[in-house]
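Visitor: After the structure tokens below, expect a handful of questions from me.
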Amino acid sequence: MIFDEKNWATMGLITSDVAIVGAGAAGITLGLELEAKGFSVNIFEGGDESFSEMSQDLYSGSIVDRDLPYGLQYSRMRFLGGSTNCWGAGCGVYGDNELLDRDWVSKSRWPIEHSDLVPFYRKASRFLDLPDVLDAEASRDRIISGFDNPALYYTKKQNFKEEFTPHFQSSKILNVFLQANLKQFRENSSNGIKELELAGFDGSSIICKSDIVVLCCGGIENARLLLNSRDSPENAIGNANDLVGRYFSDHPITPLATVFAPKESVLNDLERITFSDRFSKSDIHVIPYFKIPDAVQRDRKMLNAAVSVQVENSALTDAQLSAWSLKKGWSEDGLKGLELAPILDVLKHPIEVAQAVYERNAGVGRFAIRIQMEQEPNFYSRVQLSDKRDRFGHYKTLLDWRFTELDRRTLDETVKYCAATFAKGRLGVLEVDSSIINNQSEIPADLRGGQHHSGTTRMGVNEGDGVVDKNLKVFGTKNLYIAGSSVLPTNSWVNPTFTIIALAFRLGDHIEKILNERK
Amino acid sequence: MKVNRRGFVALLLGSVGVVALARFVDIDKGVGAKDSSNQEYTVEFVNKWLSDFYFQDNSEFHVTRYPNSDDFLLINGVIVSSEDVILKESNR
Chain V
561 MIFDEKNWAT
571 MGLITSDVAI
581 VGAGAAGITL
591 GLELEAKGFS
601 VNIFEGGDES
611 FSEMSQDLYS
621 GSIVDRDLPY
631 GLQYSRMRFL
641 GGSTNCWGAG
651 CGVYGDNELL
661 DRDWVSKSRW
671 PIEHSDLVPF
681 YRKASRFLDL
691 PDVLDAEASR
701 DRIISGFDNP
711 ALYYTKKQNF
721 KEEFTPHFQS
731 SKILNVFLQA
741 NLKQFRENSS
751 NGIKELELAG
761 FDGSSIICKS
771 DIVVLCCGGI
781 ENARLLLNSR
791 DSPENAIGNA
801 NDLVGRYFSD
811 HPITPLATVF
821 APKESVLNDL
831 ERITFSDRFS
841 KSDIHVIPYF
851 KIPDAVQRDR
861 KMLNAAVSVQ
871 VENSALTDAQ
881 LSAWSLKKGW
891 SEDGLKGLEL
901 APILDVLKHP
911 IEVAQAVYER
921 NAGVGRFAIR
931 IQMEQEPNFY
941 SRVQLSDKRD
951 RFGHYKTLLD
961 WRFTELDRRT
971 LDETVKYCAA
981 TFAKGRLGVL
991 EVDSSIINNQ
1001 SEIPADLRGG
1011 QHHSGTTRMG
1021 VNEGDGVVDK
1031 NLKVFGTKNL
1041 YIAGSSVLPT
1051 NSWVNPTFTI
1061 IALAFRLGDH
1071 IEKILNERK
Chain U
47 MKVNRRGFVA
57 LLLGSVGVVA
67 LARFVDIDKG
77 VGAKDSSNQE
87 YTVEFVNKWL
97 SDFYFQDNSE
107 FHVTRYPNSD
117 DFLLINGVIV
127 SSEDVILKES
137 NR
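If you read the protein sequences in the order shown, they are chains V and U. Just so we're on the same page, our numbering is the position in the first sequence counted from 1, plus 560. Just so we're on the same page, our numbering is the position in the second sequence counted from 1, plus 46.
Below is the structure:
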């Protein structure tokens, strides 16, 4: 069932096996998984079923010493479905070696191994109606010698609100409470969360009592809620070692260079490679990335980084893509591979198609390359509390997003590696963006973050290393767990949502075990 | 042949220019370059593909070090590994 503040105000105390705070990718995945395992679940969403400024304002805050190209207030969505209402839907996986200790990257070790994620990546693929992403990655051909060739796979099961609202409305054991903002953790004397107090915008409140509580509010908000949990941040739940809010990271994304490529360069085929899967039988849109191989990262002592290549000419039109699909269909299946719709599309726009053929055969290609990279875990990059309070009495966010020398060096090493590898393979030459060259002291001015906030309640081997343990339980608590990007110890180059979903499934298995042991 | 004063000046300037250009270009089979302190160099591409594909129309280059790097250069804004190019200081 779905309840909002008008009908939950009179409920008083509600109970469930598990209480989940936050109805985004992590919270909804976990809720559905626990429901499927037979447990009763209450999910509390602070926002309504659609966007409202009143709810979104609770994400507002301030940023230290830096004009970020995005504000805090609108970087994540605060209503049913969370940021699945706005994400790009690109799904990718951490590589085999990315969870291991790298001696040149501080705090890079995860308390779990890649093999621990594998079954849940497979489950996440099925959940999002994708082909098995691990298998797809293993079978990808290397497009450019010298680069690993991972990809993002774009799910069409993108908006969790639209996908799952009908299910929520009919479910018997999974309830969604809208406009239910976490106001207070009520603790018992043995470090357990006894109850949650939730408040509506109209002044009403509700109390939930559950065996297990899971925070699923995102990379900034999970930390903010914990830091607000007691009388001071120093005494906050899970903060005995001053780690809550620390190690904030995002994916620096910025243009690096313009590439001039000769006619015979494989780069000229990239747009077709990129779009070819759109017309494949799986109907999945795939975007390839070119990742600096692990061995090169080790040699150059750099972080994870990948570049995407984008055509600087105007993007292909629908008619041009239809022509490409016909060509592909013809070469693969002959007459059977030709469909009527693209034929009509080509016939309607013959000039556009002729133009594409002409450009294909003309001279030098021109591309932009853009980096998406990991950040070094940095103790001083952090979510703190400002001195301003929100409408529920919690202190707002004060974000201090920092960059290390290793972050900057990774950007330069990526430019250099691309230049050397492209020249060696006769793929093209790189004219470096002036913003990269002219600002050597820091990350370039036109950088933007991927809005992939992570690391602020990192998973650690022990209490001195992280806020949650390998099972995502907050150190020092009996029954409080965290899911979402805040638990990621390192953020790789890859978009986080697919890993967030995989970790939510993994947490579902762990909670099942815990609850069954208690019965 | 009669040469008026304007023609003489043009011829003189032209000759100086041709001599200077020849001196600049025709050094050690390479092509001339200047760095930001106006020191002149000859540029020889070890990776011939670079000169054949991209730098073929250039007779003069502006060369700087890629910032904070000993192993890469920026030649007319294009980043090039120092393994792909030989720079020699030229003494005029």
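Note that the Cβ used here is the ideal one computed from N, Cα and C, for glycine as well. Computed from a predicted structure; not experimentally measured.
Alpha carbon to alpha carbon, what distance is there between residue 87 of chain U and residue 135 of chain U?
Guide: Answer to the nearest angstrom: the Cα atoms are 4 Å apart.
Visitor: Give the single residue among V:781, V:673, V:599 and V:760 whose Cα lies nearest to the Cα of residue 1063 of chain V.
Guide: If we check each option's Cα against that of residue 1063 of chain V, V:673 comes out closest.
Visitor: So, at 6 Å on beta carbons, what are the nonlocal neighbours of residue 734 of chain V in its own chain, with the 5 sequence-adjacent residues on each side left out?
Guide: Closer than 6 Å at the Cβ level, and outside the excluded window around residue 734 of chain V, lie 591, 595 and 601.
Visitor: Got a sec? Which residues, its chain only, sit under 6 Å from residue 950 of chain V by beta carbon, not counting five neighbours each side?
Guide: Within the same chain, residue 950 of chain V has close Cβ partners 618 and 956.
Visitor: Leaving aside the five residues before and after residue 677 of chain V along the sequence, list all residues of the same chain whose C-beta is less than 6 Å from its C-beta, in chain order.
Guide: Excluding sequence neighbours, residue 677 of chain V sits near 1062.
Visitor: Is there at least one Cβ from chain U nearer than 8 Å to residue 692 of chain V's Cβ?
Guide: No, no contact with chain U.
Visitor: Counting pairs of Cβ atoms below 8 Å between the region 963 to 979 of chain V and the region 933 to 948 of chain V, do you hit three or more?
Guide: Flag = yes, the region 963 to 979 of chain V and the region 933 to 948 of chain V touch.
Visitor: Cβ atoms of residue 732 of chain V and residue 723 of chain V: under 8 Å apart, would you say?
Guide: No.
Visitor: Considering only their Cβ atoms, is the gap separating residue 652 of chain V from residue 710 of chain V smaller than 8 Å?
Guide: Yes, Cβ-Cβ distance for residue 710 of chain V and residue 652 of chain V is below 8 Å.
Visitor: Taking the alpha-carbon of residue 625 of chain V as reference, which of V:1052, V:958, V:573 and V:1028 has the nearest alpha-carbon?
Guide: Measuring from the Cα of residue 625 of chain V, the nearest candidate turns out to be V:958.
Visitor: Do residue 1053 of chain V and residue 845 of chain V have their beta-carbon atoms positioned less than 8 Å apart in this structure?
Guide: No; because the gap between Cβ atoms is not below 8 Å, this pair is not in contact.
Visitor: Does the beta-carbon distance from residue 1041 of chain V to residue 1067 of chain V come in below 8 Å?
Guide: In contact: residue 1041 of chain V and residue 1067 of chain V (Cβ atoms closer than 8 Å).
Visitor: Starting from the Cα of residue 1076 of chain V, find the closest Cα among V:564, V:994 and V:578 and give me that residue.
Guide: The candidate whose alpha carbon is nearest that of residue 1076 of chain V is V:578.
Visitor: Let me see if you follow: with CB-CB separation under 8 Å, is residue 87 of chain U close to chain V or not?
Guide: It does not; no Cβ of chain V falls within 8 Å.
Visitor: Excluding five sequence neighbours on each side, which residues of the same chain lie with their C-beta closer than 6 Å to the C-beta of residue 948 of chain V?
Guide: Closer than 6 Å at Cβ, skipping near neighbours: 956.
Visitor: Tell me the DSSP secondary structure of residue 115 of chain U in three-state form.
Guide: Here residue 115 of chain U sits in coil by DSSP.
Visitor: Can you look up residue 758 of chain V in the DSSP assignment and give me helix, strand or coil?
Guide: Correct three-state label for residue 758 of chain V: strand.
Visitor: Under the three-state reduction of DSSP, which class applies to residue 609 of chain V: helix, strand or coil?
Guide: If DSSP states are grouped into helix, strand and coil, residue 609 of chain V belongs with coil.
Visitor: Do the region 1021 to 1033 of chain V and the region 630 to 650 of chain V meet, that is, are 3 or more Cβ pairs less than 8 Å apart?
Guide: Touching, no.
Visitor: Would residue 94 of chain U be called buried (16 or more neighbouring beta carbons within 10 Å of its own) or exposed?
Guide: Counting Cβ neighbours within 10 Å, residue 94 of chain U comes out exposed, since fewer than 16 surround it.
Visitor: Considering only their Cβ atoms, is the gap separating residue 588 of chain V from residue 720 of chain V smaller than 8 Å?
Guide: Yes, the Cβ-Cβ distance between residue 720 of chain V and residue 588 of chain V is below 8 Å.
Visitor: For residue 656 of chain V, I'd like the list of residues in its chain whose CB is within less than 8 Å of its CB, leaving aside the five on either flank, ordered along the chain.
Guide: Taken in chain order, the residues that qualify are 674.
Visitor: Under 8 Å Cβ-Cβ, which residues of chain U neighbour residue 983 of chain V?
Guide: Within chain U, the residues near residue 983 of chain V are 93, 95, 96, 126, 127 and 130.
Visitor: Could I get the ranges of all uninterrupted beta strand (DSSP E) runs contained in the region 679 to 753 of chain V, with 3 residues as the minimum, in chain order?
Guide: Whole beta strand (DSSP E) segments, 3+ residues: 711 to 714, 734 to 737 and 741 to 747.
Visitor: Where in the region 976 to 1012 of chain V do unbroken runs of the alpha helix (DSSP H), each at least 4 residues long, occur, reported from the N-terminal end onward?
Guide: List check, alpha helix (DSSP H) in window: 994 to 998.
Visitor: Among the candidates V:1017, V:621, V:806 and V:572, whose CA atom is the shortest distance from the CA of residue 767 of chain V?
Guide: When only C-alpha atoms are compared, the closest one is V:572.
Visitor: Residue 802 of chain V: which of V:713, V:825, V:1028 and V:715 sits nearest, CA to CA?
Guide: The residue with the shortest Cα to Cα distance from residue 802 of chain V is V:1028.
Visitor: Where DSSP assigns a beta bridge to residue 565 of chain V, which residues make up the other side?
Guide: Answer is none; residue 565 of chain V lacks a bridge partner.
Visitor: From residue 925 of chain V to residue 112 of chain U, what distance separates their C-alpha atoms?
Guide: Rounded to the nearest angstrom, the two C-alpha atoms are 24 Å apart.
Visitor: By the criterion of Cβ-Cβ separation under 8 Å, what are the contact partners of residue 120 of chain U in chain V?
Guide: Per Cβ cutoff of 8 Å: 992 and 997.
Visitor: What residues from chain U crowd round residue 826 of chain V, counting only those whose CB sits closer than 9 Å?
Guide: Those within 9 Å of residue 826 of chain V in chain U number zero; the least Cβ separation is about 15 Å.
Visitor: Pick out whichever of V:744, V:762 and V:763 has its Cα sitting closest to the Cα of residue 1086 of chain V.
Guide: Since the displayed chain V opens at 561 and closes at 1079, residue 1086 of chain V lies outside it and no answer follows.
Visitor: Hey, could you find the ends of the alpha helix (DSSP H) residue 903 of chain V is sitting in?
Guide: Note, residue 903 of chain V: alpha helix (DSSP H), 900 to 908.
Visitor: Using the Cβ count rule (16 or more neighbours within 10 Å means buried), how would you classify residue 664 of chain V?
Guide: Answer is exposed; the Cβ neighbour count stays below 16.
Visitor: Beta-carbon within less than 7 Å of residue 1070 of chain V's beta-carbon, same chain only, minus the 5 sequence neighbours each way: which residues are those?
Guide: Answer for residue 1070 of chain V: 1031, listed in chain order.
Visitor: Taking all protein chains shown into account, decide if residue 114 of chain U is buried (16 or more other Cβ within 10 angstroms of its Cβ) or exposed.
Guide: Per the 10 Å Cβ criterion, exposed.
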